[in-house]
Amino acid sequence: MTHQDASGGDPIRLLADCARRVEAALDNALATSALAGEHPRPERLVAAMRHAALGGGKRLRPGLLLATARLFGRDDEGVVLAGAALECIHCYSLVHDDLPAMDDDDMRRGRPTVHKAYDEATAILAGDALLTLAFDLIAAPAVHTSAAVRLEASRELARAAGHGGMAGGQMLDLASEHRDRSEQEIRLLQAMKTGALIRYAARTGARLADASGPDLERLTRFGEIIGLAFQLADDLLDVEGDAARLGKAAGKDADAGKATLVALKGVAETRAELADLVAEAEALLAPFGARSAELVALARFVADRDR
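Each residue of the sequence shown is one higher than the one before, starting from 18 at the first, in our numbering.
The structure is reproduced here in C-alpha coordinates:
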(Lines of atoms letter the chains of each structure in order from A and count residues from 1; the text may use other names and numbers.)
(Lines give C-alpha, C1' and ligand atoms only; values in the text may rest on other atoms or scores of the structure.)
Protein backbone atom coordinates (compact mmCIF):
# COMPACT_ATOMS: atom_id res chain seq x y z
CA MET A 1 0.00 0.00 0.00
CA THR A 2 1.36 3.41 -0.96
CA HIS A 3 1.20 6.21 1.59
CA GLN A 4 -0.21 9.47 0.25
CA ASP A 5 1.91 12.41 1.39
CA ALA A 6 0.07 15.67 1.99
CA SER A 7 3.06 17.94 2.64
CA GLY A 8 2.86 19.76 -0.68
CA GLY A 9 6.60 20.40 -0.51
CA ASP A 10 6.36 22.03 2.94
CA PRO A 11 9.40 20.68 4.86
CA ILE A 12 7.77 21.12 8.28
CA ARG A 13 4.71 19.12 7.24
CA LEU A 14 6.88 16.61 5.39
CA LEU A 15 9.07 15.97 8.45
CA ALA A 16 6.03 15.87 10.76
CA ASP A 17 4.42 13.25 8.51
CA CYS A 18 7.64 11.26 8.42
CA ALA A 19 8.07 11.59 12.19
CA ARG A 20 4.58 10.21 12.77
CA ARG A 21 5.22 7.18 10.57
CA VAL A 22 8.71 6.48 11.89
CA GLU A 23 7.54 7.00 15.47
CA ALA A 24 4.87 4.34 14.94
CA ALA A 25 7.44 1.91 13.54
CA LEU A 26 9.83 2.58 16.44
CA ASP A 27 7.03 2.30 18.99
CA ASN A 28 6.23 -1.13 17.60
CA ALA A 29 9.87 -2.22 17.49
CA LEU A 30 10.43 -1.04 21.08
CA ALA A 31 7.50 -2.91 22.61
CA THR A 32 8.16 -4.63 25.91
CA SER A 33 6.86 -7.96 24.63
CA ALA A 34 9.50 -10.29 23.20
CA LEU A 35 9.53 -11.46 19.61
CA ALA A 36 9.72 -15.11 18.60
CA GLY A 37 13.10 -16.51 19.56
CA GLU A 38 13.90 -13.70 22.00
CA HIS A 39 14.28 -13.88 25.76
CA PRO A 40 12.19 -11.42 27.82
CA ARG A 41 13.19 -7.80 27.29
CA PRO A 42 14.30 -6.01 30.51
CA GLU A 43 11.74 -3.30 31.20
CA ARG A 44 14.26 -0.69 32.35
CA LEU A 45 16.36 -1.13 29.21
CA VAL A 46 13.32 -0.88 26.94
CA ALA A 47 12.16 2.23 28.82
CA ALA A 48 15.56 3.88 28.33
CA MET A 49 15.56 2.99 24.62
CA ARG A 50 12.09 4.47 24.26
CA HIS A 51 13.21 7.62 26.07
CA ALA A 52 16.04 7.96 23.56
CA ALA A 53 14.12 7.15 20.39
CA LEU A 54 10.53 8.34 20.87
CA GLY A 55 8.81 11.64 21.46
CA GLY A 56 11.07 14.17 19.80
CA GLY A 57 13.55 15.08 17.12
CA LYS A 58 13.25 16.40 13.58
CA ARG A 59 13.58 12.91 12.00
CA LEU A 60 15.56 14.59 9.24
CA ARG A 61 17.50 11.48 8.25
CA PRO A 62 14.49 9.18 7.79
CA GLY A 63 12.61 12.11 6.26
CA LEU A 64 15.32 12.46 3.64
CA LEU A 65 15.28 8.72 3.00
CA LEU A 66 11.50 8.66 2.55
CA ALA A 67 11.42 11.76 0.36
CA THR A 68 14.18 10.38 -1.88
CA ALA A 69 12.39 7.06 -2.28
CA ARG A 70 9.19 8.95 -3.08
CA LEU A 71 11.01 10.86 -5.82
CA PHE A 72 11.44 7.50 -7.56
CA GLY A 73 7.92 6.29 -6.92
CA ARG A 74 8.18 4.25 -3.73
CA ASP A 75 6.47 5.15 -0.45
CA ASP A 76 5.35 2.22 1.70
CA GLU A 77 5.92 0.83 5.16
CA GLY A 78 9.03 -1.08 4.05
CA VAL A 79 10.74 2.23 3.34
CA VAL A 80 9.53 3.49 6.73
CA LEU A 81 11.27 0.53 8.37
CA ALA A 82 14.50 1.52 6.63
CA GLY A 83 14.03 5.06 7.93
CA ALA A 84 13.41 3.72 11.43
CA ALA A 85 16.62 1.69 11.22
CA LEU A 86 18.56 4.82 10.31
CA GLU A 87 16.91 6.75 13.14
CA CYS A 88 17.96 4.02 15.60
CA ILE A 89 21.58 4.63 14.60
CA HIS A 90 21.16 8.37 15.01
CA CYS A 91 19.47 8.04 18.41
CA TYR A 92 22.09 5.62 19.71
CA SER A 93 24.80 8.09 18.70
CA LEU A 94 23.06 10.88 20.62
CA VAL A 95 22.78 8.74 23.76
CA HIS A 96 26.50 8.01 23.67
CA ASP A 97 27.46 11.55 22.62
CA ASP A 98 25.66 12.94 25.66
CA LEU A 99 27.58 10.78 28.15
CA PRO A 100 29.98 12.50 30.59
CA ALA A 101 32.96 10.85 28.88
CA MET A 102 31.93 12.42 25.55
CA ASP A 103 30.06 15.75 25.24
CA ASP A 104 28.61 15.62 28.77
CA ASP A 105 25.14 17.02 28.07
CA ASP A 106 22.22 17.10 30.50
CA MET A 107 19.47 17.96 28.01
CA ARG A 108 18.45 16.52 24.64
CA ARG A 109 15.30 17.41 22.70
CA GLY A 110 14.13 19.47 25.66
CA ARG A 111 14.29 16.52 28.07
CA PRO A 112 16.94 15.04 30.37
CA THR A 113 19.45 12.92 28.48
CA VAL A 114 19.22 9.17 28.98
CA HIS A 115 22.07 8.97 31.48
CA LYS A 116 20.38 11.70 33.53
CA ALA A 117 16.92 10.15 33.33
CA TYR A 118 18.31 6.69 34.15
CA ASP A 119 22.03 6.16 34.75
CA GLU A 120 25.24 5.90 32.75
CA ALA A 121 25.34 2.12 32.54
CA THR A 122 21.73 1.95 31.35
CA ALA A 123 22.43 4.70 28.80
CA ILE A 124 25.38 2.77 27.37
CA LEU A 125 23.30 -0.38 27.05
CA ALA A 126 20.35 1.52 25.56
CA GLY A 127 22.67 2.93 22.89
CA ASP A 128 24.14 -0.51 22.22
CA ALA A 129 20.68 -2.02 21.87
CA LEU A 130 19.44 0.72 19.50
CA LEU A 131 22.49 0.22 17.32
CA THR A 132 21.79 -3.50 17.16
CA LEU A 133 18.07 -3.01 16.54
CA ALA A 134 18.87 -0.96 13.43
CA PHE A 135 20.22 -4.03 11.65
CA ASP A 136 17.19 -6.10 12.65
CA LEU A 137 14.94 -3.50 11.03
CA ILE A 138 16.95 -2.94 7.85
CA ALA A 139 17.01 -6.70 7.22
CA ALA A 140 13.21 -7.02 7.30
CA PRO A 141 11.80 -8.54 4.07
CA ALA A 142 9.40 -5.59 3.70
CA VAL A 143 12.36 -3.23 3.17
CA HIS A 144 12.96 -4.66 -0.32
CA THR A 145 11.97 -7.82 -2.13
CA SER A 146 15.61 -8.47 -3.04
CA ALA A 147 17.78 -9.92 -0.28
CA ALA A 148 20.82 -8.58 -2.17
CA VAL A 149 19.47 -5.01 -1.97
CA ARG A 150 18.76 -5.41 1.76
CA LEU A 151 22.25 -6.79 2.29
CA GLU A 152 23.81 -3.82 0.48
CA ALA A 153 21.67 -1.40 2.50
CA SER A 154 22.79 -3.13 5.69
CA ARG A 155 26.46 -3.11 4.73
CA GLU A 156 26.40 0.56 3.74
CA LEU A 157 24.63 1.43 7.00
CA ALA A 158 27.39 -0.33 8.97
CA ARG A 159 30.05 1.59 7.07
CA ALA A 160 28.27 4.93 7.45
CA ALA A 161 27.91 4.38 11.19
CA GLY A 162 31.26 2.75 11.94
CA HIS A 163 34.92 3.55 12.28
CA GLY A 164 35.12 4.83 8.71
CA GLY A 165 31.99 6.94 9.19
CA MET A 166 30.12 8.43 12.14
CA ALA A 167 32.06 6.78 14.98
CA GLY A 168 35.36 7.56 13.31
CA GLY A 169 34.28 11.16 12.85
CA GLN A 170 33.39 11.38 16.53
CA MET A 171 36.88 10.14 17.36
CA LEU A 172 38.43 12.82 15.16
CA ASP A 173 36.17 15.40 16.78
CA LEU A 174 37.29 14.44 20.27
CA ALA A 175 40.92 14.56 19.15
CA SER A 176 40.37 18.07 17.75
CA GLU A 177 39.36 19.70 21.02
CA HIS A 178 41.63 22.65 21.92
CA ARG A 179 43.84 21.97 18.90
CA ASP A 180 44.28 23.81 15.63
CA ARG A 181 42.88 21.94 12.65
CA SER A 182 43.12 22.74 8.96
CA GLU A 183 40.02 23.32 6.88
CA GLN A 184 40.61 19.97 5.15
CA GLU A 185 40.78 18.16 8.50
CA ILE A 186 37.59 19.81 9.74
CA ARG A 187 35.73 18.95 6.55
CA LEU A 188 36.83 15.33 6.82
CA LEU A 189 35.68 14.89 10.41
CA GLN A 190 32.36 16.57 9.64
CA ALA A 191 31.80 14.45 6.53
CA MET A 192 32.29 11.39 8.73
CA LYS A 193 30.60 12.42 11.98
CA THR A 194 27.52 14.10 10.51
CA GLY A 195 27.60 13.67 6.75
CA ALA A 196 27.92 9.91 6.48
CA LEU A 197 24.43 9.10 7.78
CA ILE A 198 22.79 11.91 5.80
CA ARG A 199 24.53 10.75 2.62
CA TYR A 200 23.30 7.24 3.43
CA ALA A 201 19.72 8.50 3.79
CA ALA A 202 19.57 9.96 0.29
CA ARG A 203 21.50 7.13 -1.32
CA THR A 204 19.46 4.38 0.32
CA GLY A 205 16.13 6.06 -0.42
CA ALA A 206 17.10 5.99 -4.10
CA ARG A 207 18.42 2.43 -3.90
CA LEU A 208 15.30 1.03 -2.23
CA ALA A 209 13.18 2.63 -4.97
CA ASP A 210 15.34 0.98 -7.66
CA ALA A 211 16.72 4.23 -9.07
CA SER A 212 19.03 3.94 -12.07
CA GLY A 213 22.80 4.01 -11.59
CA PRO A 214 23.21 7.66 -12.68
CA ASP A 215 20.28 8.76 -10.52
CA LEU A 216 21.69 6.84 -7.55
CA GLU A 217 24.98 8.72 -7.89
CA ARG A 218 23.16 12.05 -8.35
CA LEU A 219 21.23 11.51 -5.11
CA THR A 220 24.38 10.33 -3.35
CA ARG A 221 26.02 13.66 -4.17
CA PHE A 222 22.86 15.45 -3.05
CA GLY A 223 23.13 13.65 0.29
CA GLU A 224 26.77 14.70 0.66
CA ILE A 225 25.81 18.34 0.09
CA ILE A 226 22.95 18.17 2.58
CA GLY A 227 25.25 16.57 5.15
CA LEU A 228 27.72 19.43 4.89
CA ALA A 229 24.93 22.02 4.93
CA PHE A 230 23.42 20.43 8.04
CA GLN A 231 26.73 20.58 9.89
CA LEU A 232 27.40 24.18 8.90
CA ALA A 233 23.91 25.18 10.04
CA ASP A 234 24.42 23.24 13.28
CA ASP A 235 27.70 25.05 13.94
CA LEU A 236 26.02 28.41 13.29
CA LEU A 237 23.21 27.49 15.68
CA ASP A 238 25.76 26.62 18.36
CA VAL A 239 27.17 30.14 17.99
CA GLU A 240 23.92 32.07 17.53
CA GLY A 241 21.10 29.77 18.68
CA ASP A 242 18.86 29.93 21.72
CA ALA A 243 19.12 26.96 24.09
CA ALA A 244 15.37 26.92 24.77
CA ARG A 245 14.60 26.52 21.06
CA LEU A 246 17.45 24.10 20.44
CA GLY A 247 16.39 21.80 23.28
CA LYS A 248 20.04 21.50 24.32
CA ALA A 249 22.85 23.76 25.48
CA ALA A 250 24.19 26.37 23.05
CA GLY A 251 27.81 27.53 22.87
CA LYS A 252 29.16 24.09 23.76
CA ASP A 253 31.52 23.87 20.76
CA ALA A 254 33.41 27.02 21.68
CA ASP A 255 33.54 26.04 25.35
CA ALA A 256 35.00 22.65 24.41
CA GLY A 257 37.46 24.16 21.95
CA LYS A 258 35.97 22.15 19.08
CA ALA A 259 37.20 22.54 15.52
CA THR A 260 34.44 24.00 13.33
CA LEU A 261 34.37 25.85 10.03
CA VAL A 262 32.53 28.72 11.72
CA ALA A 263 35.42 29.16 14.14
CA LEU A 264 37.90 28.96 11.26
CA LYS A 265 36.14 31.06 8.62
CA GLY A 266 33.62 33.19 10.49
CA VAL A 267 29.83 33.51 10.38
CA ALA A 268 29.53 35.52 7.16
CA GLU A 269 31.66 33.20 5.06
CA THR A 270 29.90 30.15 6.49
CA ARG A 271 26.51 31.58 5.59
CA ALA A 272 27.73 32.28 2.06
CA GLU A 273 28.88 28.68 1.70
CA LEU A 274 25.50 27.47 2.95
CA ALA A 275 23.78 29.44 0.21
CA ASP A 276 26.14 27.96 -2.39
CA LEU A 277 25.41 24.44 -1.14
CA VAL A 278 21.65 24.93 -1.43
CA ALA A 279 22.12 26.24 -4.97
CA GLU A 280 24.19 23.17 -5.88
CA ALA A 281 21.58 20.86 -4.33
CA GLU A 282 18.82 22.51 -6.37
CA ALA A 283 20.89 22.21 -9.54
CA LEU A 284 21.36 18.49 -8.94
CA LEU A 285 17.60 18.05 -8.59
CA ALA A 286 16.65 20.22 -11.57
CA PRO A 287 16.40 17.27 -14.02
CA PHE A 288 13.53 15.85 -11.94
CA GLY A 289 11.45 19.01 -12.25
CA ALA A 290 8.42 19.40 -9.98
CA ARG A 291 8.86 15.86 -8.64
CA SER A 292 11.83 17.08 -6.58
CA ALA A 293 9.89 19.81 -4.72
CA GLU A 294 10.07 17.93 -1.40
CA LEU A 295 13.83 17.46 -1.59
CA VAL A 296 14.38 21.07 -2.60
CA ALA A 297 12.30 22.14 0.38
CA LEU A 298 14.34 19.89 2.68
CA ALA A 299 17.59 21.35 1.38
CA ARG A 300 16.38 24.86 2.14
CA PHE A 301 15.07 23.81 5.54
CA VAL A 302 18.43 22.32 6.51
CA ALA A 303 20.20 25.60 5.74
CA ASP A 304 17.60 27.93 7.26
CA ARG A 305 16.46 26.03 10.35
CA ASP A 306 16.56 27.68 13.77
CA ARG A 307 16.79 24.54 15.91
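Glycine included, each C-beta is placed from N, C-alpha and C at the ideal position.
Residue 298 and residue 51 have their C-alpha atoms spaced approximately 43 Å apart.
Scanning its chain for C-beta atoms nearer than 7 Å, with the 5 sequence neighbours on each side dropped, one finds around residue 176 the residues 182, in chain order.
For residue 31, the closest alpha carbon among the candidates 202, 77, 210 is that of 77.
One thing to note: residue 315 has its Cβ within 8 Å of the Cβ of residue 28. Residue 222 places its beta carbon 8 Å or farther from that of residue 43.
In the DSSP assignment, residue 66 is bridged to no other residue. The shortest C-alpha to C-alpha distance from residue 232 to any of 305, 196, 37, 33 is the one to 305.
Rounded to the nearest angstrom, the gap between the Cα atoms of residue 45 and residue 284 is 43 Å.
Taking C-beta atoms under 8 Å as the contact rule, residue 192 and residue 184 fail to qualify, at a distance of about 13 Å. A straight-line Cα-Cα distance of about 23 Å links residue 72 and residue 119. Secondary structure of residue 79 (DSSP, three-state): helix. The shortest CA-to-CA distance from residue 26 to any of 56, 256, 88, 95 is the one to 88. Assigned with DSSP and collapsed to three states, residue 91 falls in coil, not helix or strand. Going by beta carbons, residue 170 and residue 160 fall inside the 8 Å limit. Residue pairing by DSSP puts residue 129 in a beta bridge opposite 124.
Secondary structure remark: continuous beta strand (DSSP E) runs of at least 3 residues inside the region 165-212: none found. The region 100-111 and the region 236-254 do not touch, with fewer than three beta-carbon pairs separated by less than 8 Å. Rounded to whole angstroms, the Cβ separation of residue 236 and residue 85 is 6 Å, and the two are in contact under 8 Å. Residue 146 and residue 139 have their alpha carbons spaced roughly 10 Å apart. Taken in chain order, the complete alpha helix (DSSP H) segments of 4 or more residues contained in the region 215-302 are 230-257, 260-263, 269-272, 278-282, 284-302.
For residue 318, the uninterrupted alpha helix (DSSP H) run begins and ends at 310-321, by DSSP. Out of 287, 313, 168, the CA that lies nearest to the CA of residue 225 is found in 168.
Shortest Cα-Cα distance from residue 234 to any of 246, 219, 248 involves 219.
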